[in-house]
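A.B. asks: Numbers 7 to 340, taken from the working numbering, label the letters of the sequence shown in order.
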Amino acid sequence: MDEKDTTNDNLPPIHVESEWSDLKECVYGSPDNWVLPLIYNDAKLRAQGEFGEFWLQNAGRNMKEASPELFDELSDQTRGAINFLESSGVRVHIAGTISSANRKFPRGEDHGVSTPWMRDPFVTIGSNVIELSPRSLFHRRQRFAIREILTNTMDRGAKYFAQPDGGADEDLDGMGWGYLEGGDIFVLGKNILVGHSGGCSNPEGARWLQHVLGSDYLVQTVAIDPIFPHLDCVMMTPREGVVFASIEALPQGLPNFMKDWDLFEIPKALAKSHMSCNNLVLNDQTVVVPAEPELDFIAHGLKDRKFEVVRLPYRVPCMVGGSFRCAHQPLIRI
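Given below as structure tokens:
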């Protein structure tokens, strides 16, 4: 019999309590690989403005060749965020590479590499580590960049499993065809929110999530304006009782249990153009916000509520449609 692998024996158990609990360990996006996804409905939700035009013209190209300057800036800014987290005591796992064969999953076509943003292929809820079934084609193979990281959570008390796969169709919305993407999922204690814009996660995915989590959790869908891909594009919950949100982008408003929360409203246009909600909550006292001046109003709103605000450059990731929250997915928040 092989000897037991004791590599993980002294590491703390996997557990995520809430969005604002102290971040201790996470998976973060890679600074080393970026191939612009092919243009399908999923990419159309993200390609906007001047960079959107560049994306349309260069879909499928490695950014190291298409624009070395933008690639270097993205790489530097991603490394800067990783260095900050590690210097703050957070254990960081960086996404690896995806093999050439797996880059063609699920239908023999290379849809691109978006591993600088690792929010969407899995989620941690309590001690459940769940590989998700994204609707977005370029998210469907991201799991292969972190499979070893996620597998190791089994030795640390995690229940590790996967959602039924979405297959090769661009999208199907019938019974049994549930989609979930991590950017849509908010862990608020025992309340779990799943955003629904029509382009990413869907109610069938939320139904499956409620089924596997059981009665310990309440899973609710939150309707989102269809110009946004994910709930974390229009909402941030930096502390229990505090929510930053674009109410214009929430057709049915906030969930009932959040109606009395302190609300900082964000204009829909700024939520879309500058990823104003997509920040990194380090804990219920500290939030990381991109250094770009367009987000000064977010920093001021946080400071007015007694948060410490850390500003780090993140221009290029935001320009592509994914800021600090999109870049990471926690393994431990306690």
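Note that CB positions come from ideal geometry on N, CA and C, so glycine has one too.
1) Taking only the alpha-carbon atoms, compute the straight-line gap between Gly189 and Arg141 and give it to the nearest angstrom.
2) What are the boundary residues of the beta strand (DSSP E) that Phe270 is part of?
3) Following the continuous beta strand (DSSP E) through Val294, name the residue where it begins and the one where it ends.
4) Count Cβ pairs between the region 71-89 and the region 303-319 that sit closer than 8 Å; are there 3 or more?
5) CA-CA distance, Val295 and Ala251?
6) For Glu31, report the span of its beta strand (DSSP E) as first-last.
7) Measure the CB-CB distance between Gly180 and Arg213 and report whether it falls below 8 Å.
8) Would you identify the three-state DSSP class for Glu1, choosing helix, strand or coil?
9) If you follow the alpha helix (DSSP H) that Glu71 is part of, which residue opens it and which one closes it?
10) Under a three-way DSSP split, which group does Gly95 fall into?
11) When you compare only the Cα positions, how much space is there between Leu215 and Gly172?
12) Alpha carbon to alpha carbon, what distance is there between Gly35 and Ile155?
13) Taking all protein chains shown into account, do 16 or more other C-beta atoms lie within 10 angstroms of the C-beta of Gln335, making it buried, or fewer, making it exposed?
14) Pick from Trp40, His21, Leu276 and Asp78: whose alpha carbon is nearest that of Glu300?
15) Please list the terminal residues of the continuous alpha helix (DSSP H) segment that includes Lys278.
C.D. replies: On the basis of the coordinates in this document:
1) In a straight line, the C-alpha of Gly189 is about 12 Å away from that of Arg141.
2) Looking at the DSSP string, the run of the beta strand (DSSP E) that includes Phe270 is Asp268 to Glu271.
3) Thr292 to Pro296
4) Taking a cut-off of 8 Å on C-beta distances, the region 71-89 touches the region 303-319, as three or more cross pairs fall below it.
5) 15 Å
6) It spans Leu29 to Tyr34 - the beta strand (DSSP E) in which Glu31 sits, taken as one unbroken run.
7) no
8) It is not possible to answer for residue 1, since the shown part of the chain is limited to 7 through 340.
9) Met69 to Ala72
10) When DSSP states are grouped into helix, strand and coil, Gly95 belongs to the coil group.
11) 15 Å
12) 13 Å
13) buried
14) If we check each option's Cα against that of Glu300, Leu276 comes out closest.
15) Lys274 to His280
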